[in-house]
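As structure tokens, then:
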């Protein structure tokens, strides 16, 4: 009898860690869901505050019917170079109070980290102001040249999309039934890469660039040979207007062939993009991408410093897709980064037409 009791107790004790882990995992999932739902409500409330700050004509401009064609109409180009204008309200019409209300919406919808999310967007617009102030090509640049659109009515019921874009920036957040269902496509760029403006050093893309450069530099000769393209892709493969334009077979080095330290570098790069969205959804997406890390590939072209025209970096996973390419000089004398983050399953909230 004592032996049976001892064995039973031993089995129970052995099962406790697994049961505890399962319970903790369920608790974490519930906590994440609650945080995501709370953020969805916060974004809707901030959108309503911004909408109420607008004049009737501004409200008419910002509020547009949801359609897939509108959802997919975004670009990295300045508005002046668009063949077909972006939907929405021009930021050039906003008063200081309306800007404050809109920044409240952006802060709710994006990440809170330095050089990420809200801060990164502000620095990208600073770069456009800097171009207008300093560059040889300045007409049509500046933070007053961006567009804000609500595709559908912001609500905790139904589908709507928050769209904000202009030069070097595309934010496309799709919400359904009060939660974020798609944080992508997301485009970020900056020219120049580093500049003094508004009393501080602006480097909106520098964390991403340095993290990519560090991973490339860490590869040994065999790893680099597996990861390196023999020629430049020449453009962002899944850039604007190239929805679901992914290679059939991933190229590069698989994460399972990276060291523990290199895998952490890869995680850090992915997180630097995911954290551009709000903190609650960033945690949710990070967990998904981390669970798929073994099936994720890394590739690059050019120099590890990622500072020459045509230098390129890619992450290709079951869900996550990240590209960065150094674009040639335009307003200044040095190349600058263009980058896109996509999710193969949840771009536009998973809607495909």
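Numbering (UniProt numbering), first residue to last: 1 to 353. Even glycine gets a Cβ: it sits at the ideal position worked out from N, Cα and C.
When the options are compared against residue i, the one with the closest alpha-carbon
i: residue 168; options: 179, 284, 205; result: 205
i: residue 348; options: 261, 222, 335, 170; result: 170
i: residue 33; options: 81, 101, 284; result: 284
i: residue 322; options: 282, 272, 214; result: 272
i: residue 140; options: 243, 184, 79; result: 79
i: residue 133; options: 192, 180, 89, 147; result: 192
i: residue 248; options: 344, 286, 221; result: 344
i: residue 250; options: 296, 214, 231; result: 296
i: residue 320; options: 287, 351, 308, 306; result: 287
i: residue 328; options: 28, 306, 346; result: 306
i: residue 40; options: 308, 333, 277, 324; result: 277
i: residue 110; options: 187, 74, 279; result: 279
i: residue 76; options: 256, 246, 245, 235; result: 235
Endpoints, the alpha helix (DSSP H) within which residue i is located
i: residue 286; result: 279-291
i: residue 151; result: Taken as a continuous stretch (DSSP letters only), residue 151 belongs to no alpha helix (DSSP H), being part of the beta strand (DSSP E) at 147-151.
i: residue 237; result: Element bounds for residue 237: n/a, residue is neither H nor E.
i: residue 264; result: 260-274
i: residue 209; result: 206-218
Cβ pair residue i, residue j closer than 9 Å
i: residue 240; j: residue 340; result: yes
i: residue 265; j: residue 302; result: no
i: residue 138; j: residue 331; result: yes
i: residue 298; j: residue 311; result: no
i: residue 177; j: residue 108; result: no
i: residue 374; j: residue 238; result: Residue 374 lies beyond the range of the chain shown here (1 to 353); nothing can be said about it.
i: residue 121; j: residue 211; result: no
i: residue 233; j: residue 314; result: yes
i: residue 360; j: residue 130; result: The structure shown has nothing for residue 360, since the chain only spans 1 to 353.
i: residue 218; j: residue 252; result: no
i: residue 262; j: residue 215; result: yes
i: residue 304; j: residue 213; result: yes
i: residue 127; j: residue 190; result: yes
i: residue 72; j: residue 183; result: no
i: residue 150; j: residue 64; result: yes
i: residue 290; j: residue 267; result: yes
i: residue 174; j: residue 62; result: no
Cα-Cα separation between residue i and residue j, rounded to whole angstroms
i: residue 112; j: residue 275; result: 8 Å
i: residue 335; j: residue 142; result: 20 Å
i: residue 203; j: residue 69; result: 33 Å
i: residue 228; j: residue 300; result: 5 Å
i: residue 53; j: residue 96; result: 11 Å
i: residue 92; j: residue 220; result: 50 Å
i: residue 224; j: residue 103; result: 42 Å
i: residue 114; j: residue 123; result: 10 Å
i: residue 197; j: residue 82; result: 27 Å
i: residue 98; j: residue 51; result: 9 Å
i: residue 154; j: residue 292; result: 32 Å
i: residue 58; j: residue 230; result: 50 Å
i: residue 333; j: residue 35; result: 44 Å
i: residue 37; j: residue 353; result: 26 Å
i: residue 146; j: residue 125; result: 9 Å
First through last residue of the beta strand (DSSP E) which encompasses residue i
i: residue 321; result: 320-327
i: residue 176; result: 169-176
i: residue 160; result: 159-166
i: residue 343; result: 336-343
Cβ-heavy atom distance, residue i to the ligand GDP, below 8 Å
i: residue 39; result: Absent from the structure shown: the ligand GDP. Ligands present: none.
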